[in-house]
Amino acid sequence: MGVLKFLSALQRKVEPKEIVEKGLMFVDATINSRPSRSTLIDSGATHNFIANQEARRLGLTIGKDLRKMKDVNSEALPIVGVSKRVPFKIGDWTGELDLVVARMDGFDVVLGMEFLLEHKVIPMQLAKCLMITDRNPTVIPASIKQLATTEETVSIEIKEVLNSYVDIMPESLPQTLPPHRGIDHEIELIPGVKPPAKNAYRMAPPKLAELWKQLDELLKTGFIRPTNAP
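Quick note on numbering: the sequence shown equals residues 1104 to 1333 in this note's numbering.
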């Protein structure tokens, strides 16, 4: 009943046009009786993960495991191991979780769908909280944080090379084709071969507008020219 009252009160307080704060959801967690540096709630992760260095700092027992972990736009890499039934405390909730120990940068602990499904957890971004609805339902406060973006820095060695060739390396590319010389390079085609022709893929209006914009710019500079496909 306490959770239902909370949801009812939340529905009355939330304005229809209130903007949801964007960012990642973090909670304060105690793991193996020691506070974790950071704990991310991520519904995009399949399992619960902990960084290798964080697992060792918390004194977890790491068992061998031959599985691999695959991140977005990266190849699958072997994990360090698995810590079974690790004591967890998040707010008033206590339980045990399995953690995949992996080499991670940027995050110490990530609780994914394994945690959300096993304990019937509902992340509530707007209310900045987690609602755990398994045994002893409880609401846990969370914080929404934006990741700090770091600008790419150029090493001193590369800057020196760029400065030494500044007279032949313009800040922007020329907007016209180079002048004609004695030999114009071209790609030779096999005689009689027809160029490929197919219907264009469907595109959303904003993407289609951007496509036409870029095509117009390329036509004006002469980088491409009109053609009729057979």
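Idealized CB from N, CA, C, for every residue including glycine.
Here residue 1162 has 1135 and 1137 as same chain residues with Cβ atoms under 8 angstroms from its own Cβ, once five neighbours each way along the sequence are excluded.
Distance from the Cα of residue 1300 is smallest, within the candidate group 1243, 1330 and 1229, for 1330. Boundaries around residue 1218 are those of the alpha helix (DSSP H), 1216 to 1221, since no beta strand (DSSP E) includes it. One thing to note: residue 1241 has its Cβ no nearer than 8 angstroms to the Cβ of residue 1225. In the DSSP assignment, residue 1265 falls within the unbroken alpha helix (DSSP H) covering 1259 to 1267. For the pair residue 1169 and residue 1150, the Cα-to-Cα distance works out to about 15 angstroms. Contact between the region 1184 to 1193 and the region 1127 to 1134 is present, with at least three C-beta pairs closer than 8 angstroms. C-alpha of residue 1281 to C-alpha of residue 1264: approximately 25 angstroms in a straight line. Nearest to residue 1232 by alpha-carbon distance, out of 1223, 1247, 1295 and 1318, is 1247. Residue ranges of uninterrupted beta strand (DSSP E) with 3 or more members, entirely inside the region 1180 to 1214 and ordered along the chain, are 1184 to 1193, 1196 to 1205 and 1212 to 1214. Separation of residue 1213 and residue 1238 (C-alpha to C-alpha, rounded to the nearest whole angstrom) is 22 angstroms. DSSP places residue 1312 inside the alpha helix (DSSP H), whose first and last residues are 1308 to 1324. The Cβ neighbour count for residue 1306, taken over all protein chains shown within 10 Å, is under 16; the residue is labelled exposed. Nearest to residue 1147 by C-alpha distance, out of 1218, 1155, 1318 and 1313, is 1218. Classified as exposed, residue 1269 has fewer than 16 neighbouring CB atoms from the shown chains inside 10 Å of its CB. DSSP, read as helix, strand or coil, puts residue 1305 in coil.
The beta carbon of residue 1244 sits closer than 6 angstroms to the beta carbons of 1232 from its chain, once the five residues preceding and following it are set aside; these are given in chain order.
Between the alpha carbons of residue 1179 and residue 1171 lies a distance of about 6 angstroms.
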